[in-house]
Amino acid sequence: MILVSMVILQVLCIVLAVLALTLVILGEATREQRGMANFMFVVLIFNVAYLLEMTAASAEEAFVALRMEYLGSAWVALFFLRFIACYCGVKLPQRLMLALAAGNFLSMIAVFTNSWHHLFYREMSFVQGGVFPHLAIEYGPLFWLFFLSGGVIPYAFSMRVLLQSIREQKKEQDRHKLFMFASMSFIPLLLLVLRSCGVTGEYDPLPASLALLLSLIVIFIWNKQIYNLGDMAAHTALRTLDDGVIMLDAELNIMSFNPAASRIFVDLKEECIGRNVSEVNCFPEDFFEQRAKKEFSVADRYYETHMKPVMDTKGKLQGYVLLYFDITDTRTYIDELNTLRERAETANEAKGDFLTNISQEIKTPLNAIKGLSDLIKEESRGRRVYDFACDIEEASGRLLTLMNSILDLSNAEEGKLSVEQIPYYVKSMIQEVLQSEKAAAEKKRLSLTYEIAKTMPCMLAGDVNKIQQILRNILNNAVKYTDHGAVHVKVWDRALTEGRMELCCRIEDTGIGIEQKDMDSIFEDFIKADSINHRSSGGVGLGLAIAKRFITLMNGTIEVESVQGEGSAFTLTIPQIVIDKRTIEENAEKQEKKQTSLLFTARGYRVLVVDDNTINRKVARGLLKEYECDITEAESGMEAIELVRETRFDLIFMDHLMPQMDGIQTVSVIRKECGENGADVVIIALTATVLEGARDMFLSHGFQDYLEKPMSRATLYRMLNKWIPEECRQPRNHFESRASSKADNEIILPGVDVRATISQHGGSVQNYLELLYLFELEGRQKASYLENLVAKKDYRNYEMEVHALKGATANLGMEELAQKAKQMELAVNSEDFTYVNEQSDPFFREYRSMLSAVHQVLVKQNYLTEKRTEDNK
638 MILVSMVILQ VLCIVLAVLA LTLVILGEAT REQRGMANFM FVVLIFNVAY LLEMTAASAE
698 EAFVALRMEY LGSAWVALFF LRFIACYCGV KLPQRLMLAL AAGNFLSMIA VFTNSWHHLF
758 YREMSFVQGG VFPHLAIEYG PLFWLFFLSG GVIPYAFSMR VLLQSIREQK KEQDRHKLFM
818 FASMSFIPLL LLVLRSCGVT GEYDPLPASL ALLLSLIVIF IWNKQIYNLG DMAAHTALRT
878 LDDGVIMLDA ELNIMSFNPA ASRIFVDLKE ECIGRNVSEV NCFPEDFFEQ RAKKEFSVAD
938 RYYETHMKPV MDTKGKLQGY VLLYFDITDT RTYIDELNTL RERAETANEA KGDFLTNISQ
998 EIKTPLNAIK GLSDLIKEES RGRRVYDFAC DIEEASGRLL TLMNSILDLS NAEEGKLSVE
1058 QIPYYVKSMI QEVLQSEKAA AEKKRLSLTY EIAKTMPCML AGDVNKIQQI LRNILNNAVK
1118 YTDHGAVHVK VWDRALTEGR MELCCRIEDT GIGIEQKDMD SIFEDFIKAD SINHRSSGGV
1178 GLGLAIAKRF ITLMNGTIEV ESVQGEGSAF TLTIPQIVID KRTIEENAEK QEKKQTSLLF
1238 TARGYRVLVV DDNTINRKVA RGLLKEYECD ITEAESGMEA IELVRETRFD LIFMDHLMPQ
1298 MDGIQTVSVI RKECGENGAD VVIIALTATV LEGARDMFLS HGFQDYLEKP MSRATLYRML
1358 NKWIPEECRQ PRNHFESRAS SKADNEIILP GVDVRATISQ HGGSVQNYLE LLYLFELEGR
1418 QKASYLENLV AKKDYRNYEM EVHALKGATA NLGMEELAQK AKQMELAVNS EDFTYVNEQS
1478 DPFFREYRSM LSAVHQVLVK QNYLTEKRTE DNK
C-alpha cells in the first residue's frame, strides 16, 4: 500500500512537471523562460527515471533506471543556477560554468563506464526487501566529484545570487518575490539532508520535491503575472523594432539589447552583456558628454540617438535606455530637397544675372537712340523730321521703361530691393512726375492736374525714387486707358508719430475702368485687366505689380476703386519722415526760386578728375569744359592725395578701380589725412560697373554719390546740378553752339559711329582727334604689356588693364572692342582663365587692328604733323 502511494505521488509529480513544462514552452520565449524550460526538462527526466527505479523487477532494470536518473540529476543544479542568474539579471563567470559543465560530462561518462573501473560505484546490489525493491550502492571517489560539480557548487552559487539580489533590490514587491524563490529553493536541500540522515528511509523525496517546486514556481509566475503580457509585448516589440534599443545600468554597462541594435553595431553580441558600452566599436565616444540627441554614421547609414534615464520610485538613477533611429532615408530626402533648392536658387540667380546683363546690353543702344533723337531734333529744319525724332525718343523711352520694370521685378523676387531715406521737396517731386506724363496727356488732349494740401510739410525723407516710379506707373496707366476727360492727382498728409507722417496720394481718371472680376488680379505680374478688349493699349502688365511691391516694401498700402466705363481711383499711403515742418504754402517762394535754368556755368568752381586712363580724363575734361570749371587731373590715387593736401577742391570725380590704390582706398586717406581739404570736399565715384547696393557701398566709404561711365552730358548735368550750390552757378541762356566740322565725315573707323561719338564729346572734332592720338600713343605700349601679362599669367594686373581699356574704347565709340574687353574682365573676375588664354590672341589682333586704323585717321587728318610741330614749339 505504501509503494502504491509513493508511485501515485511520483506519477502526480511527473504530470505536474509535464503540465508546467508545456505552459513554459507555449509561452513567450524569453531568456528566463528558456532557462526555466531547460531546468524543468532535466527534472522531468530525473522523476521519470526514479519512477522506473521504484518499479524495477530486476537489478538490470534498476541499474538502467539509475543511469537515466543521472542524465537528469547531473544538470538540475546547474540549470537552476542559470535560471536564477537570468531572472535576477546577473552575469555568471563563463569559466566557472564551463568547468561545472565539464565536471558533469565527466561524471556521466564515469557512470556509464563504471563496470570497467568501479570509481563511481564501488559495490552495488539489488535489494528485494523493504518498501520496494531498490539498489544498495557504495559510492566511489568520482561520485563525490560529481556531488560537488553537479550539486553543491551550483546550488551554493544560486543561493548567493538570490541573497545578493534580495539585498540590492529596492522595490519591496520584487524583494518579496526573490525571497519566495530563495525559501522554496531550501526545500530540496532540507529533503536531501533528511535523506542523508535516513529519516526518509528507502524513499528519495528529492525528485518529487523538485518537480513540485518547479510546478509551483510556474503556476505562481503565470498566476501572479511575474512574466506579464506587458513584459512579453515589450520583448516582442523590442525584437521586431527596426530601431535599435540598448539598456544600460547606472555605470553604463550593457544589460540587454534588441536585434536591431546588434545590426547597427556589428560587435554588439551576447558576450558584450556586462561590459561597458564604450567598448563597443563605432559607438559615439562623446555621446554621454552631451547627454542629448546626437547624429552619427555607421557603415554608410545615418542614425539619430536619444538617451532616456531610468529612475526608480524614489527618483534614483538606475540606468539608461539608448534609442537609435535610422534616419538615412530622411537625410537622403532632405539632401535631395536641398539639391533641388540649390538648383532652383542657381536657376533664379542665373535668371537674374541674365536679366541684368541683357537689360544692360539693350540699354546701351537705347541710350544711343535717345541721344541721336536729341541730335536730330537739334539739327532738324522741318516739323516732319522733328516729329520723327520725337516718336523715336518716345518709343525708346518706353522700351527703356520696360527693361527697368523687368529689372525691378527680378530684384524684388530675389529680395535685393532696399529702402533708402533721401530728403526731397514734396511739390517738386510731384511736379517732376507729372512733367514726365505731360506730353502723353497733351497728345490725347487730356487734362492733367494736381492738388497738394498746402498745410502739409514741405520736405520729407523717404525712397523718393521708388515713390516717383510708383506714381509714374499709376499715372501712365491712367493716361493710357483714358481717351477723354481728365487725370487728377491729389496729395495730402496724415500724421503718425512725432517726426513721422503718411504721404497720401490719390490718382483719379475718367477712363475705361476695371471690371470687378479683374480687381483681385491687377497687381499680379504680367496681368492686364484689359488684355482681351484693349490690346492696342500696349504694356505687359508690370506697372501695377511693381508699384504694389514697392509700396509693400515701404510698409505702405494701396487701394483701388473703379466703375467700368466711368473711371478708376488708386489711393496709396506711404510712411515718411518729416524733415522740414514748414508747410508747402510757407515754402512756396523758395520752391519757385529752385526752378533755375537748365543751363549754367560755374566759373571758379574747382574740380579734380582722378582716373588712371588718359582718355577717360580727357572725356571728363571735355564735358566739364561746358561749365567753365577749373579742372585739375590726377592719374593715380597717390597723386590725387598730394593734390588735395595742397589745394582745396570743391568737387572730386574719383575712379573706382585703379591700380596700386583704388578709389575707395584713396578716399579713405583723403578723408582722414588731408584735413579740411579732404573733410569738406564732395567726392563722386566714377564706375563702369554698377552693382546691386552700389549707392550704399559708396556712401559708406566716404563718397557722396556715384556716376556711371561712360559719362554723358545729361547724366553729368544732373550730377552737377545736384551738388554745385546755387551761389556758385551763373545762369546762361544757351550753350555755345558748335557746328560739326566736315572733317568728322572723313574720319572712318571700323565699327565706330564717329558722328555720334563726337557729339557725345561736345561736338568738337579736334577734341576727338586728340583723344584718338592719346589712345594710339598709349596703345603702342599697352598692347605689348597686355600680351606679356597673359604670358606671365599675371591675371590681377591684366584685369585692371582691360578694365581701363574697356572704359577708354567705350568713350571713343569702339563698342565692339569695349565689349570684348568687358568679356575679358568678367572672365578674369570669375577665374575663367581658359577663356582668357584662348581668346587673348583674337582680342590682341583686334586691338592692334584698331590702333592701326586710328593711326591712319591721324595721318589722314594731318594731326600727327600738327602735334609734332606743336611739341617742337
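Going by the numbering used here, the first residue of the sequence shown is number 638, and it counts up by one from there. Glycine included, each C-beta is placed from N, C-alpha and C at the ideal position.
Exercise for review: Evaluate Q1072 with the Cβ neighbour count: other Cβ atoms within 10 Å of its Cβ, from every protein chain shown; 16 or more gives buried, anything less gives exposed.
Suggested key: exposed
**Study point:** Q1493 versus L1409: straight-line alpha-carbon distance, rounded
**Key:** 11 Å
Review point. Taking all protein chains shown into account, do 16 or more other C-beta atoms lie within 10 angstroms of the C-beta of W781, making it buried, or fewer, making it exposed?
Key: exposed
Exercise for review: Confirm, please, whether the CB-CB distance from T1394 to G1525 is below 7 Å.
Suggested key: With the chain covering only 638 through 1510, there is no way to say anything about residue 1525.
Point to revise | For T1194: DSSP bridge partner residues | key: T1210
Exercise for review: Using the Cα positions of I1151 and G1204, report the straight-line distance between them to the nearest angstrom.
Suggested key: 8 Å
Check your understanding: What does V1292 pair with, by DSSP beta-bridge criteria?
Key -> Correcting the residue identity first, residue 1292 is Asp in this sequence and not Val. Partner(s): L1323.
Exercise for review: Could you tell me which of M1093, F720 and K1457 sits nearest to I1216, measuring between CA atoms?
Suggested key: M1093
Check your understanding: Nearest to K1419 by alpha carbon, out of V1389, F1480, K1075 and V655?
Key -> F1480
**Study point:** First through last residue of the beta strand (DSSP E) which encompasses S893
**Key:** I891 to F894
Review point. For R1172, which of helix, strand or coil comes out of DSSP?
Key: Only weak support exists for where R1172 lies, its pLDDT of 34 falling under 50; the value from the coordinates is given anyway. Three-state result, R1172: helix.
Check your understanding: Who are the near neighbours of F1512 in its chain, counting only those whose CB is closer than 6 Å to its CB and skipping five residues on each side?
Key -> Nothing can be reported for residue 1512: it is not among the residues displayed for the chain, which extend from 638 to 1510.
Exercise for review: Taking only the alpha-carbon atoms, compute the straight-line gap between V1496 and G1274 and give it to the nearest angstrom.
Suggested key: 35 Å
Exercise for review: Whole angstroms is fine: what's the gap from L729's alpha carbon to A693's?
Suggested key: 40 Å
Point to revise | I883, DSSP secondary structure in three states | key: strand
Exercise for review: Have a look at K1080 and T1119 and give me their C-alpha separation to the nearest angstrom.
Suggested key: 12 Å
**Study point:** Beta carbon of L1190 nearer than 7 Å to that of I1159
**Key:** no
Review point. Does the separation of the CB atoms of M948 and Y957 fall below 7 Å?
Key: no
**Study point:** Buried versus exposed, by CB contacts within 10 Å (16 or more), I645
**Key:** exposed
Practice item. Check Q1341 in the structure and name its three-state DSSP category. Key: coil
Check your understanding: When the Cα of V1291 is compared with those of S1305, T1284, G1300 and W1360, which residue comes out closest?
Key -> Checking the sequence, you will find Met at residue 1291 rather than Val. Selected option, being the one with the closest Cα: G1300.
Check your understanding: From which residue to which residue does the alpha helix (DSSP H) around M745 run?
Key -> Q731 to F749
Check your understanding: CA-CA distance, I651 and T967?
Key -> 57 Å
Review point. So L1411 packs on K1255, CB below 8 Å; how close in whole Å?
Key: 6 Å
Exercise for review: Sort I971, Y1087 and A1077 by Cα distance to M1066 and report the nearest one.
Suggested key: Y1087
Practice item. Compare the beta carbon distance of I1320 and I1289 with 7 Å and say whether it is the shorter of the two. Key: yes
Practice item. For my contact list, L1097 and V1063 are in at a C-beta cut-off of 8 Å; report their separation, rounded to the angstrom. Key: 6 Å
Check your understanding: Would you report the Cα separation of S642 and M691, rounded to the nearest angstrom?
Key -> 12 Å
Review point. Using the rule of at least 16 other Cβ atoms within 10 Å of the residue's Cβ for burial, across every protein chain shown, is V748 buried or exposed?
Key: buried
Point to revise | Contact under 7 Å by Cβ, F818 with L799 | key: yes
**Study point:** CB of F683 within 7 Å of CB of P946, strictly
**Key:** no
Review point. Which residues bound the alpha helix (DSSP H) around G777?
Key: No alpha helix (DSSP H) holds G777; DSSP gives it neither H nor E.
Check your understanding: Using the C-alpha atoms, what's the distance from R1350 back to Q1403?
Key -> 18 Å
Check your understanding: Would the beta-carbon of R759 fall within 7 Å of that of G740?
Key -> no
Practice item. With a 10 Å radius around its C-beta and 16 neighbouring C-beta atoms as the bar for buried, classify A984 as buried or exposed. Key: exposed
Practice item. Let me know if G1416 comes out buried or exposed under the rule of 16 or more other beta-carbons within 10 Å of its beta-carbon. Key: buried
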